[in-house]
Structures are given as C-alpha cells and as structure tokens.
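Take any residue in the sequence shown, note its place counting from 1, add 6, and you have its number in our numbering.
C-beta atoms are modelled at their ideal positions from N, C-alpha and C, and glycine is treated no differently.
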Amino acid sequence: MAAVDPTDPESFAHEEPRDPGDYEDVDATEDAPELGVEAPAADAAEQRADVRSDRDDPLTGADRDRADEGDLAEQARVVATDEDDYR
C-alpha cells in the first residue's frame, strides 16, 4: 500500500457526496468499533464521549444594572466535566 501525502490533494479519492436519505438511523453504540489492544484508555474514552456544548451561555436577558457584569459572566460559564473534579 502506497503512503498517502496529506499535503497532496491528488492523493485523496474524490467521491460524489451521498444523499442524506441513504444513511440509516442507527444507534451509535451499536456500531461503535471495538477498542484495539493498543488504544490508550483516555483517548478511547474521549472519543466515545457525548458531544455537548463547551461554550459559555450568552448573557442575553441579564439585568446588568442589578448584578455585576463579572458575576453574570461567571454564572453563565460552562464548566467541563473534568474541570470541577480537582482530586
């Protein structure tokens, strides 16, 4: 098998885009690939993690006259799962 040069656009096969109706609705856990022997546990866990918003909530609708802007920003902040476990 020949090596693929990621900087060469000619090394990639050009396929026609598929119609979204061609895909079946399948539960992602049913088709999840088996973990390889050499797969690092942390990487595998990160790849299987659910996709969720890591962005802060917008400050819309907040009464800036009644609360400090810094407090509002802190309350709107989204904390990742691993950040609040400091042990």
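Through-space distance from V10 to R83, alpha-carbon basis: What you label residue 83 is simply residue 77 of the sequence shown in a count that begins at 1. What you label residue 10 is simply residue 4 of the sequence shown in a count that begins at 1. Their backbone Cα atoms lie some 42 Å apart in a straight line.
Residues of its chain near L65, where Cβ-Cβ distance is below 6 Å and the 5 sequence neighbours each way are ignored: Position 59 of the sequence shown, counted from the first residue, corresponds to residue 65. Cβ neighbours of L65 beyond the five flanking positions: L78 and A82.
Rounded C-alpha distance that separates A48 from R72: As a position in the sequence shown, residue 48 is number 42, starting the count at 1. As a position in the sequence shown, residue 72 is number 66, starting the count at 1. One C-alpha to the other measures close to 44 Å.
Length of the line joining the Cα atoms of D69 and E16: Along the sequence shown, read from residue 1 onward, the residue named residue 69 stands at position 63. Along the sequence shown, read from residue 1 onward, the residue named residue 16 stands at position 10. So the two alpha carbons sit approximately 55 Å from each other.
Which of helix, strand or coil DSSP assigns to E44: Counted from its first residue, the sequence shown places residue 44 at position 38. Here E44 sits in coil by DSSP.
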